[in-house]
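Student: The structure is given below, and queries will be raised subsequently.
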Amino acid sequence: MRLDAYLARCTRLSRKEARRAVTAGRVTVAGQLARKASEPVPENTAVALDGEPVAIPGHLYLMLNKPAGVLSATTDASQPVVTDLLPDDLAARVHPVGRLDLDTTGLLLLTSDGQWSHRITSPRHHCPKTYRVTLKEPLTDDARHRLESGGLRLRNDDQVLRPASVATVSDRVVDLTITEGRYHQVKRMLAAVGNHVETLHRHHIGDLGLDPDLPPGEFRHLDDSEIDSL
Ligand code: URA
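Each position in the sequence shown, counted from 1, maps to that position plus 1 in this note's numbering.
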């Protein structure tokens with residue numbers, strides 16, 4: 002979309018006023034002074050008018066590479082929370098889509114769209130989530146069979162689990178895909194088969210993978226195909 006059209010869409014300026022604002026040096030695109038009102042605004046580019054960020058109204062969809070030691074919450078009295086890792090204008094609008102434990106790292110989605118978030122987290126939708134799990138002991142054939150065949154019962158939980166899938170990465174590392182989201186589910190599943198989780202990293206939700214170019218603590222906007230894939 003052209004810059005003047007973009008400004009007209011997300012501010013009270015008409016296109017003509019937007020063109021004047023560009024000429025007057027009031028507009029920046031990706032931090033640089035905009036020179037031409039006809040220049041296209043690439044997706045996910047920061048645009049500011051008089052130093053204030055402007056954005057097309059609509060929902061926000063972000064992926065964050067969650068580091069360990071940060072809570073999957075929007076506020077907490079004593080611990081850092083994932084929205085502390087976002088600029089204030091985004092942090093004020095989004096919530097985490099489900100939760101990762103304090104010590105779990107990796108793919109966490111944040112959005113302002115409650116329906117989208119519900120589709121991903123609702124137990125009725127069985128959205129698969131894949132975790133890279135480092136185990137204390139190599140996984141035995143029997144343990145793998147119990148994880149994969151379903152019917153596993155967690156401590157203090159009446160309902161049995163759906164089948165999970167397990168892919169071996171190395172001796173003590175597996176990729177575990179589950180389609181439910183019980184409390185501490187992966188850790189409790191491995192405990193139920195006599196093993197112990199040493200580290201846990203989520204790298205996929207459905208077909209959406211954590212961007213390998215995103216360092217821990219960094220986020221980016223999802224593109225339309227990523228949003229639709231979920
Ligand atoms: N299962 C866990 O045990 N912890 C997480 O953070 C996510 C899934």
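Even for Gly, the Cβ is constructed at its ideal location relative to N, Cα and C.
Quick one: Cα of D159 to Cα of P129, how far?
Tutor: 22 Å
Student: Using the rule of at least 16 other Cβ atoms within 10 Å of the residue's Cβ for burial, across every protein chain shown, is D5 buried or exposed?
Tutor: With a 10 Å radius around the Cβ and a threshold of 16 neighbouring Cβ atoms, D5 comes out buried.
Student: Work out the CA separation of R163 and L136 for me, nearest whole Å.
Tutor: 21 Å
Student: Tell me which residues pass a beta-carbon proximity test against the ligand URA: closer than 6 Å to any heavy atom, given in chain order.
Tutor: Summarising the contact set, residues whose Cβ lies nearer than 6 Å to any heavy atom of the ligand URA are, in chain order, L101, D102, T105, H185, Q186, V187, K188 and L201.
Student: Between which two residues does the alpha helix (DSSP H) carrying K188 extend?
Tutor: Q186 to A193
Student: Name the one or two DSSP bridge partners that Q160 has.
Tutor: According to DSSP, Q160 bridges with nothing at all.
Student: Starting from the N-terminal side, write out each stretch of the alpha helix (DSSP H) that is 4 residues or longer and does not extend beyond the segment 116 to 170.
Tutor: Restricted to the segment 116 to 170, the alpha helix (DSSP H) segments that are unbroken, complete and at least 4 residues in length are 142 to 150, listed in chain order.
Student: When the distance is taken between beta carbons, is L111 closer than 7 Å to L97?
Tutor: Checking the sequence, you will find Pro at residue 97 rather than Leu. Cβ atoms of P97 and L111: closer than 7 Å.
Student: Between H60, P68, I179 and V48, which lies nearest to R27 when the distance is taken from Cα to Cα?
Tutor: It is V48 whose Cα lies nearest to the Cα of R27.
Student: Under a three-way DSSP split, which group does L4 fall into?
Tutor: helix
Student: Evaluate the contact criterion for the segment 25 to 44 versus the segment 190 to 200: three or more CB pairs, one atom per stretch, below 8 Å.
Tutor: No, the segment 25 to 44 does not touch the segment 190 to 200.
Student: Where in the segment 41 to 114 do unbroken runs of the beta strand (DSSP E), each at least 3 residues long, occur, reported from the N-terminal end onward?
Tutor: 48 to 50, 53 to 55, 62 to 67 and 106 to 112
Student: Mind checking if K137 is an interface residue toward chain D, Cβ cutoff 7 Å exclusive?
Tutor: No chain D appears in this structure, which consists of one protein chain only.
Student: Pull up the distance between the alpha-carbon of A31 and that of S226, whole angstroms please.
Tutor: 23 Å
Student: Report the three-state DSSP secondary structure of R10 (helix, strand or coil).
Tutor: helix
Student: Report the option in L155, R147 and R173 whose CA atom is closest to the CA atom of A165.
Tutor: R147
Student: Would you check if the segment 110 to 125 and the segment 62 to 72 touch, i.e. whether three or more CB-CB distances between them fall below 8 Å?
Tutor: yes
Student: Determine the burial state of L103: buried for a count of at least 16 other Cβ atoms within 10 Å of its Cβ, exposed for fewer.
Tutor: exposed
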